[in-house]
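Engineer:
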Amino acid sequence: MLKIGLAQINPCVGDFQGNFSKILRYIDRARKKRVDIIVFGELALCGYPPEDLLLKPQFIEENIRYINRLKSYTKKIKVILGFVDKKDDRIFNAYAFFDDGKLKDIYHKIYLPNYGVFDEKRYFSPGEEISFYSLEDYGFSVNICEDIWQKDYLGRLSKKKLDFIINLAASPYHLGKISLRKSILSRASQHLNCFLFYCNIVGGQDELVFDGTSMVVSPSGKVVKFAKRFKEDLLIFNFNKNKRLAGQQLSVSCVEEVFEALKLGLFDYVKKNGFKKVIVGVSGGIDSAVVVSLATLTLGKKNVFGLIMPSQYTSSQTFDDAKRICKNLGIKFYTVSIKDIFDAYLSTLKPFFKNKPFDKSEENIQARVRGNLLMAFSNKFGYLVLNTGNKSEVSCGYCTLYGDMVGGFGVLKDVPKTMVYKIARYINRTCKKEVIPSSVFRRPPSAELKPNQKDSDILPPYSLLDPILKLYIEENLPFKEIVERGFNKDLVKKVIRMVDANEYKRRQSPIGIKITSCAFGKDRRMPIVNKFLSKFIT
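Be aware that the sequence shown starts at 435, since it is given in our numbering, and climbs by one per residue.
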């Protein structure tokens with residue numbers, strides 16, 4: 435019988451000393467538990483994705499220096515660790531296999547993903563040879579992430595007599611990804627008729643969140659053991675190829691999954707960047723209510739501040755709700771009226787704007803005043819400003835440059851408005867009290883930049899908008915096919931035109947946590963200047 439440990443760690447990109455120390459702690463834990471083989475995730479030594487740091491020679495050198503240091507810490511245990519290897523002038527996504535203080539092998543990843551958020555062909559050269567090892571009476575192979583997703587690779591492996599496979603991964607989260615992963619790994623284990631040990635990293639890295647969820651899959655395709663989701667873990671499995679094992683299930687709602695992803699992404703962005711406290715503009719609306727609640731539940735109430743900025747257009751109910759949310763969370767908050775500042779702008783601009791009606795110019799001034807105030811608090815006290823815009827609004831450009839688009843991190847940037855409401859209800863259920871008042875749910879969404887304003891004055895109802903956005907952005911369907919799904923032709927045309935016209939705004943927005951299969955940023959790279967898309971909306 436073999437004891438195999440999957441070390442699901444949260445590395446920080448470029449923190450070689452911190453990552454190395456953590457790796458040693460996990461090796462020590464595994465050794466004390468008499469683990470035979472301990473496995474770490476893809477590029478766990480340097481963190482994933484290192485992006486253009488890979489173009490810096492000193493980054494590669496530091497990474498190799500730490501790999502060489504690791505050798506002496508692998509006595510009486512086998513260690514498999516992802517790192518960046520270099521041969522001549524080429525670099526490789528690799529793992530090092532240590533056995534009792536000796537370097538047994540180095541493997542180079544063969545299939546390099548170059549889609550979505552992945553750009554591995556920009557940096558790495560592909561490997562060529564599959565691996566095969568024997569230990570006692572067991573034959574096994576070790577590979578890296580995308581390798582196991584490819585049928586050609588499975589075909590090459592099927593020529594070997596394997597008892598198990600180990601896969602090192604850095605697989606980021608989005609809705610549906612855990613189920614997709616299970617399906618791919620199940621197919622591979624059944625095809626090869628062997629066990630599969632899958633070791634993922636965990637943690638937030640810029641807009642990406644790695645959920646962990648490392649697992650062991652039996653030859654029948656059943657997952658027989660899971661590591662924790664969204665947390666570090668050391669999964670230890672007593673491997674006996676002849677033992678029959680029952681499958682395990684993950685019963686988690688989509689909302690809970692997204693909630694945990696947002697918390698982890700926020701926590702790591704704040705802490706890994708050295709921030710201690712955050713500030714949120716609390717309007718009394720659903721978006722800011724969810725962001726400030728998430729921040730408080732993630733960072734603690736002493737590290738979160740609210741800034742309430744009413745104007746002459748802010749209703750008493752909205753103002754009261756903003757204060758109630760902050761009080762319910764137990765956070766400190768400041769109230770700064772923007773009325774006098776806004777009036778000063780109007781007075782200054784009056785000679786130039788005379789005889790012109792009140793329009794979005796005056797509306798956007800209010801948003802920009804609020805943005806300036808948030809950034810003033812940020813600069814003075816070192817708080818990180820959390821942006822509160824959601825995917826529905828960002829998609830359609832229903833936001834103000836240098837106004838409500840300010841901030842260092844967009845918690846809800848990839849979260850559709852309909853999902854924001856679900857998360858809000860989940861927060862109240864989780865806290866077992868009404869953190870977010872019921873009046874916030876009942877009140878029609880409004881920016882409150884003019885009398886009687888509602889989001890629906892410009893945007894379609896979110897129950898219609900979000901499905902159209904999903905089809906256009908995530909599924910990349912053309913206008914005609916979206917209409918064929920049963921949506922009104924004029925409505926689809928309006929939505930697509932809003933999305934296409936506002937790429938310039940999205941380019942200037944803060945990065946935010948990816949939770950869908952296609953987020954703005956790395957996933958979707960559209961030119962700002964283009965005359966192509968509009969031709970196909972007829």
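Quick reminder that beta carbons are idealized off the backbone N, C-alpha and C, glycines included.
Taking the alpha helix (DSSP H) that N992 falls in, what are its first and last residues?
Structural biologist: Any property of residue 992 remains undetermined from this structure, which presents the chain solely from 435 to 972.
Engineer: Quick check on the DSSP output: the alpha helix (DSSP H) that includes L809 runs from which residue to which?
Structural biologist: In the sequence shown, residue 809 corresponds to position 375, counting from 1. Reading the sequence as shown, one finds Met at residue 809 and not Leu. Counting along the chain, the alpha helix (DSSP H) containing M809 begins and ends at K794 to F815.
Engineer: Tell me where the beta strand (DSSP E) around D769 begins and ends.
Structural biologist: In the sequence shown, counting from the first residue as 1, residue 769 sits at position 335. Before going on, a small fix: residue 769 reads as Thr here, not Asp. First-last of the beta strand (DSSP E) with T769: K766 to T769.
Engineer: What would DSSP say about F598, mapped onto helix, strand or coil?
Structural biologist: If you number the sequence shown from 1, residue 598 lands on position 164. Correct three-state label for F598: strand.
Engineer: If F954 sits next to V803, beta carbons under 8 Å apart, how far is it from one beta carbon to the other, in whole angstroms?
Structural biologist: Locating residue 954 in the sequence shown gives position 520, where the first residue counts as 1. Locating residue 803 in the sequence shown gives position 369, where the first residue counts as 1. Not a contact, Cβ separation roughly 26 Å.
Engineer: Measure from the alpha carbon of V384 to the alpha carbon of each residue in I962, V770 and P895, then state which is nearest.
Structural biologist: Nothing can be reported for residue 384: it is not among the residues displayed for the chain, which extend from 435 to 972.
Engineer: Are the Cβ atoms of K956 and V643 separated by less than 8 Å?
Structural biologist: Taking the sequence shown and counting its residues from 1, one reaches residue 956 at position 522. Taking the sequence shown and counting its residues from 1, one reaches residue 643 at position 209. No; because the gap between Cβ atoms is not below 8 Å, this pair is not in contact.
Engineer: Can you list, in chain order, the residues of its chain with a C-beta nearer than 8 Å to that of I945? Leave out the 5 residues immediately preceding and following it.
Structural biologist: Stepping through the sequence shown from its first residue, residue 945 is reached at position 511. If we look at I945 and ignore the five residues flanking it on each side, its Cβ neighbours are D640, E641, F843, G844, K847 and G955.
Engineer: When the Cβ atoms of the segment 750–762 are set against those of the segment 790–804, are three or more pairs found closer than 8 Å?
Structural biologist: No: the two stretches stay apart, fewer than three of their Cβ pairs being nearer than 8 Å.
Engineer: Does the beta-carbon distance from V725 to G740 come in below 8 Å?
Structural biologist: Numbered from 1 along the sequence shown, position 291 holds the residue referred to as residue 725. Numbered from 1 along the sequence shown, position 306 holds the residue referred to as residue 740. No, they are not a contact pair.
Engineer: For N672, does the count of other Cβ atoms within 10 angstroms reach 16, so buried, or fall short, so exposed?
Structural biologist: Residue numbering aside, residue 672 sits at position 238 when the sequence shown is read from its first letter. Exposed, because fewer than 16 other Cβ atoms sit within 10 Å of the Cβ of N672.
Engineer: Are the CB atoms of L883 and Y703 within a distance shorter than 8 Å?
Structural biologist: Position 269 of the sequence shown, counted from the start, is the residue given in the question as residue 703. Position 449 of the sequence shown, counted from the start, is the residue given in the question as residue 883. No, they are not a contact pair.
Engineer: DSSP three-state call for S575: helix, strand or coil?
Structural biologist: The residue labelled residue 575 in the question sits at position 141 within the sequence shown. S575 falls in the strand class under three-state DSSP.
Engineer: Mind checking whether A729 and L820 have CB atoms under 8 Å apart?
Structural biologist: Within the sequence shown, the letter at position 295 stands for residue 729. Within the sequence shown, the letter at position 386 stands for residue 820. Their beta carbons are under 8 Å apart, which means A729 touches L820 by this criterion.
Engineer: When we look at the beta-carbon of R503 and count the other beta-carbons within 10 Å, is it buried (16 or more) or exposed?
Structural biologist: Residue 503 sits at position 69 when you count from the first residue of the sequence shown. Label assigned to R503: exposed.
Engineer: Please determine if the segment 911–931 and the segment 866–874 are in contact, where contact requires at least 3 C-beta pairs separated by less than 8 Å.
Structural biologist: No, the segment 911–931 does not touch the segment 866–874.
Engineer: Can you name the start and end residues of the alpha helix (DSSP H) that R465 belongs to?
Structural biologist: In the sequence shown, residue 465 corresponds to position 31, counting from 1. F450 to K466 is the span of the alpha helix (DSSP H), which, as asked, contains R465.
Engineer: Would L669 and Q942 qualify as a contact pair, given that the criterion is a beta-carbon distance under 8 Å?
Structural biologist: By 1-based counting over the sequence shown, the position of residue 669 is 235. By 1-based counting over the sequence shown, the position of residue 942 is 508. Taking 8 Å as the Cβ cut-off, L669 and Q942 do not qualify as a contacting pair.
Engineer: Please report the residue range of the alpha helix (DSSP H) in which Y500 lies.
Structural biologist: Along the sequence shown, one-based indexing puts residue 500 at 66. Counting along the chain, the alpha helix (DSSP H) containing Y500 begins and ends at P491 to L504.
Engineer: How is the alpha helix (DSSP H) around N762 delimited, first residue to last?
Structural biologist: Translated into the one-based positions of the sequence shown, residue 762 becomes position 328. S750 to L763 is the extent of the alpha helix (DSSP H) around N762.
Engineer: Do Y572 and F532 count as a contact pair if the criterion is CB distance below 8 Å?
Structural biologist: Your numbering for residue 532 matches position 98 in the sequence shown. Your numbering for residue 572 matches position 138 in the sequence shown. Taking 8 Å as the Cβ cut-off, F532 and Y572 do not qualify as a contacting pair.
Engineer: Per the contact definition of three or more C-beta pairs closer than 8 Å, is the segment 579–589 in contact with the segment 527–545?
Structural biologist: Touching, yes.
Engineer: Which residue marks the beginning of the beta strand (DSSP E) containing V845, and which one marks its end?
Structural biologist: Mapped onto the sequence shown, residue 845 falls at position 411. Taken as a continuous stretch (DSSP letters only), V845 belongs to no beta strand (DSSP E), as it is neither H nor E.
Engineer: Between which two residues does the beta strand (DSSP E) harbouring S568 extend?
Structural biologist: For the purposes of this step, residue 568 is taken as the residue at position 134 of the sequence shown. Note, S568: beta strand (DSSP E), Y567 to L569.
Engineer: Are there 16 or more other CB atoms within 10 angstroms of the CB of D519, so buried, or fewer, so exposed?
Structural biologist: By one-based count along the sequence shown, residue 519 stands at place 85. Counting Cβ neighbours within 10 Å, D519 comes out buried, since at least 16 surround it.
Engineer: Find the nearest neighbour of K766 within the set G734, G841, L898 and K555, judged by alpha-carbon distance.
Structural biologist: Taking the first residue of the sequence shown as position 1, residue 766 is located at position 332. Out of G734, G841, L898 and K555, G734 has the C-alpha closest to the C-alpha of K766.
Engineer: Output needed for S620: all residues of its chain with C-beta closer than 8 Å, excluding positions within five of it in sequence on either side, in chain order.
Structural biologist: In the sequence shown, the residue the question calls residue 620 occupies position 186. Only V651, G655, K656 and V657 meet the Cβ criterion.
Engineer: What are the partner residues of L741, as DSSP defines its beta bridges?
Structural biologist: Here residue 741 is taken as the residue at index 307 of the sequence shown, counted from 1. Paired residue(s): G715 and Y768.
Engineer: At the level of alpha carbons, what is the spacing between G837 and S559?
Structural biologist: Start at 1 with the first residue of the sequence shown, and residue 837 comes out as number 403. Start at 1 with the first residue of the sequence shown, and residue 559 comes out as number 125. Their backbone Cα atoms lie some 44 Å apart in a straight line.
Engineer: With a threshold of 7 Å on Cβ separation, who are the neighbours of K509 within its own chain once the five nearest residues in sequence on each side are excluded?
Structural biologist: Counting from one through the sequence shown, the residue named residue 509 turns up at place 75. Closer than 7 Å at the Cβ level, and outside the excluded window around K509, lie D534 and G535.
Engineer: For L898, name the three-state secondary structure that DSSP assigns.
Structural biologist: Numbered from 1 along the sequence shown, position 464 holds the residue referred to as residue 898. Helix, per DSSP.
Engineer: For P885 and I742, what's the separation of their Cα atoms in angstroms?
Structural biologist: For this step, residue 885 is matched to residue 451 along the sequence shown. For this step, residue 742 is matched to residue 308 along the sequence shown. C-alpha separation (whole angstroms): 19 Å.
Engineer: Using a threshold of 8 Å, state whether the C-beta atoms of C833 and G823 are closer than that.
Structural biologist: For this step, residue 833 is matched to residue 399 along the sequence shown. For this step, residue 823 is matched to residue 389 along the sequence shown. Yes. Within cutoff.
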